[in-house]
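Note sheet for the following structure.
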C-alpha cells in the first residue's frame, strides 16, 4: 500500500511603497536577527551544562536547583522562541498588507516579548557573575547571550514605537529630506540665457507702380484715336 502525500505552502508578498510599513519590516527583521543570536548562544550554553550548574545558578531569576540540564533553560527557550515568532508574525502581516488591521495584535505581542526579553537580560547579567562563567568558553557564551538579549530588547522597544506611529507622521519624517534635496537642486540650477531676439530687416523701398498702369493708359489712348 502506497500513499502519495504533498504539502504546499503559498506565500504572497506585496511590494511595499508605504514608508511606515518599510520601517516596521526593517525593525522586525532586526528582531529576527537578534533572536537568531539568542538561539545560538543559548544552545551553546546549554551544551556546556554540567550536573553542578543547577546548584550554581540557583537563586538567579528563572533558574531552579531541582531541574536537570535539559530543563534548566526551558524558560529562556520559551522567551527566545516568542521573540522570534512575534517578529516573524509581524513581518508576515506587513508583507501581506494587513498591518493596518492587525496592528493591535502585533503591538501586543511585541510588548509582552520585550518585557520577557528584558527579564532574560537581567537573568544572564547575573549569570556572568557565577564562577563557572567568569573564564573560558563559558564566559564568551554567556557574554554573547547577554549581548543578544540587549540587541533584541532594544529593537523590540523600537518596534513598539514604530508600529504604534501614525502613517502620516512617518510619511512626514521621510518626506522632509526629499524636500530639502529638491530645494538644493533648484538653487543649483542656472537659469538658461534667453535667446537674442532676431534683428528686424530694414523696411523695403516703396513699392513700384503697378505694372498694369501703362497698359491701361495705352488702352485709353487707343480709344481716343478711334
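Numbering (the working numbering), first residue to last: -7 to 218. Just so you know, even glycine gets a beta-carbon here, dropped at the ideal spot from N, CA and C. Note that this is a predicted model, so its numbers are computed, not measured.
Quick one: what does DSSP say residue 94 is sitting in, helix, strand or coil? helix
Can you tell me the Cβ-Cβ gap for residue 116 and residue 23, rounded? I've got them flagged as a contact below 8 Å. With a Cβ gap of about 18 Å, residue 116 and residue 23 do not count as contacting.
Can you give me the C-alpha to C-alpha distance between residue 40 and residue 136, rounded to a whole angstrom? 14 Å
Limits of the unbroken alpha helix (DSSP H) element including residue 39: 11 to 39
State the start and end residues of the unbroken alpha helix (DSSP H) segment that holds residue 63. 61 to 64
Coil, strand or helix - residue 57 by DSSP: coil
If you follow the alpha helix (DSSP H) that residue 134 is part of, which residue opens it and which one closes it? 128 to 156
At what residues does the alpha helix (DSSP H) containing residue 45 begin and finish? 45 to 48
Go through its chain and collect everything with a Cβ distance to residue 130's Cβ below 7 Å, but skip five positions before and after it. 40 and 124
Less than 7 Å between the C-beta atoms of residue 154 and residue 86, yes or no? no
Coarse secondary structure for residue 122, derived from DSSP in three states: coil
Closer than 7 Å by C-beta to residue 140: which residues in its own chain qualify, once you throw out the five before and the five after it? Chain order, please. 26, 29, 30 and 33
In three-state terms, what does DSSP make of residue 88? coil
Count the other CB atoms, across all protein chains shown, that sit within 10 Å of the CB of residue 92; report buried if there are 16 or more and exposed otherwise. exposed
What do you get for residue 119, buried or exposed, if any count of 16 or more other CB atoms within 10 angstroms of its CB means buried? buried
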